[in-house]
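For reference, each letter of the sequence shown is one residue, going 1 to 190 in the UniProt record's numbering. Reading through the structure tokens given below for one structure.
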Amino acid sequence: MVVNAGFAETELISLLKGGDEQAYMQIYDHYAPPLLNYAASRLADLQDAEDLVHDVFLKLWTSRVQVKEIKPYLYALMRNRIIDFVRRNATRTVYSNMLQALASEPEYNMEQELHAKELEKMVEHALGQLPDRMREIYLLNHKEQLGISQISSLLKISEQTVKNQLSMARKQLRQAAKDASLLVILYLLY
Numbered sequence: 001m002v003v004n005a006g007f008a009e010t011e012l013i014s015l016l017k018g019g020d021e022q023a024y025m026q027i028y029d030h031y032a033p034p035l036l037n038y039a040a041s042r043l044a045d046l047q048d049a050e051d052l053v054h055d056v057f058l059k060l061w062t063s064r065v066q067v068k069e070i071k072p073y074l075y076a077l078m079r080n081r082i083i084d085f086v087r088r089n090a091t092r093t094v095y096s097n098m099l100q101a102l103a104s105e106p107e108y109n110m111e112q113e114l115h116a117k118e119l120e121k122m123v124e125h126a127l128g129q130l131p132d133r134m135r136e137i138y139l140l141n142h143k144e145q146l147g148i149s150q151i152s153s154l155l156k157i158s159e160q161t162v163k164n165q166l167s168m169a170r171k172q173l174r175q176a177a178k179d180a181s182l183l184v185i186l187y188l189l190y
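So this is what it looks like as structure tokens:
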């Protein structure tokens, strides 16, 4: 192949490897239009195609000492850039669509979700502060939905003990909830 000014490809490669900017510009002038057509035929946006062509020629310049043949090298670079671009933007599109879907849901409220998670952490912490037996009784009653007599039979303790333990657990959790609510209110105000 002969490019502008009568240089053969081998001469251009040799000049390019030596850092000759004129040789680089001749290669650019010769290959940029067909590479742009190649990229534009595969991408939806001409500006994206132009950006990829510029990326390819930047890579050509920075890795010029490795070039053996110009055309196959440029087209391989372009193909890889297009693949990377499509993958990157496909991921962005998926996440963008997910974000739009979440934001458009009328019930979705990030602040409420954060508040609920914070309260959940505080409840977990408060439960962790209860004595083991009291926590076990409380969880059997509230998580497992067992009645007082069922808990009494299961743990082999009196029903009155179950009632007393539940009452004390609720009292401690209510106090923890009041403290937590105060903290959340202070946090939201400041």
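C-beta: ideal position from N, C-alpha, C; glycine also.
Asked                                                                                                                                     : Found
Compute the distance between the beta-carbons of L74 and V56, then report whether it is under 8 angstroms.                                : yes
DSSP state of A8, grouped into three classes?                                                                                             : strand
Please state the DSSP three-state secondary structure of P131.                                                                            : coil
State the Cα-Cα distance for the pair Y108 and A40, rounded to the nearest angstrom.                                                      : Any reading at Y108 must be qualified, since the residue scores a pLDDT of 46, below 50, and its modelled position is unreliable; no value is offered.
Looking at V67: is its Cβ nearer than 8 angstroms to the Cβ of K17?                                                                       : yes
Would the beta-carbon of D165 fall within 8 angstroms of that of A126?                                                                    : At residue 165 the sequence reads Gln, which differs from the Asp that was named. Result no, Cβ atoms of Q165 and A126 do not sit closer than 8 angstroms.
Considering only the alpha carbon of each residue, which of I151, L146, Y38, E11 lies closest to Q26?                                     : E11
Which two residues bound the contiguous alpha helix (DSSP H) that contains I151?                                                          : 148–155
Got a sec? Which residues, its chain only, sit under 7 angstroms from residue 191 by beta carbon, not counting five neighbours each side? : Here the chain covers residues 1 to 190 and nothing more, so residue 191 does not appear.
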